[in-house]
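Order-wise, the sequence lines are chains C and E.
Quick note on the numbering used here: the first sequence kicks off at 14 and runs consecutively.
Quick note on the numbering used here: the second sequence kicks off at 542 and runs consecutively.
Glycine included, every Cβ here is placed at the ideal spot set by N, Cα and C.
A short write-up of the structure that comes next.
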Amino acid sequence: MLPRARRRKRAESTDIDLTPYMNLLVVLAPFLLVTAVFERLAALEIYLPQPTPAEAAAGAKPPGQQEDQLLLTISIAEKGILVANGAQLVALAPPTGPNGYDLALLSSTLQQLKSRYPTVDNAVILSKGNVAYETLVAVMDTTREVFLTVDGKKKRYVLFPNISLGEVQ
Amino acid sequence: MKSGGRLSSRRATGGMSTFLTLTSLVDLFTNLVLFLLYNFSAEGSSIPSAERLKLPESLSQQTPQTTVTVMVTQSDIFLGGKRVADSAAVLNTDELLIPDLKKELDYEADRGKYFANLTKANGFEGHITILGDKHIPFRLLEKVMFTCSQAEFGQIDLGVLRKEVT
């Protein structure tokens with residue numbers, strides 16, 4: 014009896030007893046499924062347009078002295094997104110649909126501006142009163158950063174992270 | 542005939558008991574658990590799942606702080622779960638300040654200052670998060686932001702859904 018049983022056991026393939034592991038997984042999987050968060054909240058920090066004394070002084074300077082300054086203003090209007098440096102118009106990103114704009118063009122324009130003025134971090138986004146919040150957030154995203162593929166890897170480049178919001182009539 | 546077939550099949554396996562092959566199930570569970578562990582966040586969801594509040598998506602990676610939240614939908618404005626104003630009525634006025642919201646925010650600011658005083662922590666910084674529906678017009682958002690800044694809540698964050706880079 015005994016030798017026979019031993020011989021049969023050797024012939025069988027011996028499996029690992031998975032029961033304790035299965036118990037663990039069966040408990041863990043429902044627990045994690047219940048607590049899973051698929052939509053994660055993030056925050057977009059904005060800077061209220063408060064003219065500080067330094068800015069007010071800069072604005073009072075004669076125009077010749079601030080020639081090489083960038084006063085980036087992005088206006089969202091019906092005819093497109095206007096990118097301006099002070100009073101000088103840099104580019105116009107036309108609308109592509111009822112609620113969309115050519116954000117790729119906006120992004121490439123901002124990248125050129127950032128490479129010309131690498132120290133500037135501030136931007137002002139002016140919107141019409143009826144611009145949808147979604148559009149505004151998309152433009153803010155485009156203004157804050159850009160993701161470029163370098164050597165097959167996505168890399169994040171910061172453009173103009175300090176955004177102030179305002180309304181244009 | 543049926544039982545005979547089963548009997549004979551048992552005899553064919555040599556009388557040993559057959560085990561369920563759990564390998565594929567274990568694989569599946571392992572993958573599921575690893576995926577869920579990867580997505581696990583201890584904070585839990587702080588997004589109020591209101592039907593009329595669809596937050597816009599953003600690439601922002603910044604984690605929101607737990608602060609006073611103002612919820613702005615197309616019909617109502619809520620402050621911390623309490624309805625304080627009607628969006629349409631707010632939009633119809635030319636006034637930038639929303640008086641009802643201002644009153645509630647002043648109370649929140651007083652409370653925040655009182656607690657900051659008690660705990661001797663960093664002090665009252667005036668952080669506030671605005672959760673806005675993605676279809677609200679900018680005019681409404683601007684009024685809410687203006688009211689917040691008037692009520693000493695100067696550090697405004699906009700709540701958005703995190704979107705992965707594609």
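When DSSP builds the beta bridges, which residues end up paired with Asp572/E?
Stepping through the second sequence from its first residue, residue 572/E is reached at position 31. Strictly speaking, residue 572/E in this sequence is Asn, with Asp absent from that position. Paired residue(s): none; Asn572/E is not in a bridge.
Please specify which runs of the alpha helix (DSSP H), each continuous and at least 4 residues long, are wholly inside the region 624–670 of chain E, giving them in chain order.
628–633 and 640–660
Which of helix, strand or coil DSSP assigns to Thr559/E
Indexing the second sequence from 1 puts residue 559/E at position 18. Thr559/E: coil per DSSP, three-state reduction.
When Cβ atoms are compared, which residues of the region 127–152 of chain C fall closer than 8 Å to chain E?
Ser140, Lys141, Gly142, Asn143, Val144, Ala145, Tyr146, Glu147, Leu149, Val150 and Ala151
Mind listing, in chain order, the continuous alpha helix (DSSP H) runs of no fewer than 4 residues lying wholly within the region 155–181 of chain C?
none
Give me the Cα-Cα distance between Leu102/C and Gln615/E, rounded to the nearest whole angstrom.
Locating residue 102/C in the first sequence gives position 89, counting from the first residue. Locating residue 615/E in the second sequence gives position 74, counting from the first residue. Answer to the nearest angstrom: the Cα atoms are 34 Å apart.
Around the C-beta of Ala629/E, are 16 or more other C-beta atoms found within 10 angstroms, so that it is buried, or is it exposed?
Start at 1 with the first residue of the second sequence, and residue 629/E comes out as number 88. Flag for Ala629/E reads exposed.
Below 8 Å on C-beta distance, what does Asp164/C contact in chain E?
Within the first sequence, numbered from 1, the residue matching residue 164/C stands at position 151. The contacting residues do not exist; Asp164/C stays about 16 Å from chain E at best.
Using a Cβ-Cβ distance cut-off of 8 Å, determine whether Ala49/C contacts chain E.
The count along the first sequence starts at 1 and reaches residue 49/C at position 36. True, the Cβ-Cβ gap to chain E drops below 8 Å.
Excluding the five sequence neighbours on either side, which residues of its own chain have a C-beta within less than 7 Å of the C-beta of Thr608/E, listed in chain order?
Within the second sequence, the letter at position 67 stands for residue 608/E. His668, Ile669 and Thr670.
Taking CB distances under 8 Å as the criterion, tell me whether Val685/E reaches chain C.
Position 144 of the second sequence, counting from 1, holds the residue named residue 685/E. With 8 Å as the cut-off, Val685/E does not count as an interface residue toward chain C.
Would DSSP call Ala42/C helix, strand or coil?
In the first sequence, counting from the first residue as 1, residue 42/C sits at position 29. In this structure, Ala42/C counts as helix in the three-state DSSP scheme.
Since Phe619/E is in the beta strand (DSSP E), which residue starts that stretch and which ends it?
For this step, residue 619/E is matched to residue 78 along the second sequence. Asp617 to Leu620 is the extent of the beta strand (DSSP E) around Phe619/E.
Three-state secondary structure (DSSP) of Arg703/E
On the second sequence, position 162 is the one that residue 703/E refers to. Here Arg703/E sits in strand by DSSP.
Hey, how far is the Cα of Phe173/C from the Cα of Thr32/C?
Working through the first sequence from its first residue, we reach residue 173/C at position 160. Working through the first sequence from its first residue, we reach residue 32/C at position 19. Cα to Cα, Phe173/C sits roughly 56 Å from Thr32/C.
Using Cβ-Cβ distances below 7 Å, what residues of the region 690–706 of chain E are close to chain C?
Ser690, Gly695, Ile697, Asp698, Leu699, Gly700, Val701, Leu702, Arg703 and Val706
For Lys661/E and chain C, any beta-carbon pair shorter than 8 Å?
Taking the second sequence and counting its residues from 1, one reaches residue 661/E at position 120. Taking Cβ atoms only, chain C never reaches closer than 8 Å to Lys661/E, which makes this a no.
In chain order, what residues of the same chain have a beta carbon less than 6 Å from the beta carbon of Gly653/E, not counting five sequence neighbours either side?
Indexing the second sequence from 1 puts residue 653/E at position 112. Result list for Gly653/E: Phe665, in chain order.
Based on Cα-Cα distance, which residue from Ala145/C, Lys166/C, Asp164/C and Val152/C lies nearest to Val137/C?
Position 124 of the first sequence, counted from the start, is the residue given in the question as residue 137/C. Of the listed residues, the one whose Cα sits closest to Val137/C is Val152/C.
Cβ neighbour criterion (16 or more within 10 Å) applied to Val574/E
Within the second sequence, the letter at position 33 stands for residue 574/E. Val574/E comes out buried.
Are the C-beta of Lys167/C and some C-beta of chain E separated by less than 8 Å?
By 1-based counting over the first sequence, the position of residue 167/C is 154. Yes, contact with chain E.
For Pro33/C, does the three-state DSSP call read helix, strand or coil?
For the purposes of this step, residue 33/C is taken as the residue at position 20 of the first sequence. Of the three classes helix, strand and coil, the one that applies to Pro33/C here is helix, per DSSP.
Taking Cβ-Cβ distances shorter than 8 Å, what residues in chain C pair up with Asp674/E?
As a working mapping, residue 674/E is identified with position 133 in the second sequence. Residues of chain C passing the Cβ test: Tyr146.
Is DSSP giving Leu596/E helix, strand or coil here?
For the purposes of this step, residue 596/E is identified with residue 55 of the second sequence, where counting begins at 1. DSSP places Leu596/E in coil when its eight states are reduced to three.
Local Cβ density within 10 Å of Thr122/C, reported as buried at 16 or more and exposed below that:
Counting from 1 along the first sequence, the entry for residue 122/C is found at position 109. So Thr122/C counts as buried.
Take every Cβ of the region 591–604 of chain E, pair it with every Cβ of the region 672–686 of chain E, and state whether three or more of those distances are shorter than 8 Å.
yes
Is any heavy atom in the ligand GTP found nearer than 7 Å to the beta carbon of Asn143/C?
With respect to small molecules bound, the structure shown includes none, and the ligand GTP cannot be examined in it.
Using the beta-carbon of each residue, which ones in chain C are nearer than 8 Å to Val574/E?
Taking the first residue of the second sequence as position 1, residue 574/E is located at position 33. Simply Leu38, Leu41, Ala42 and Leu45.
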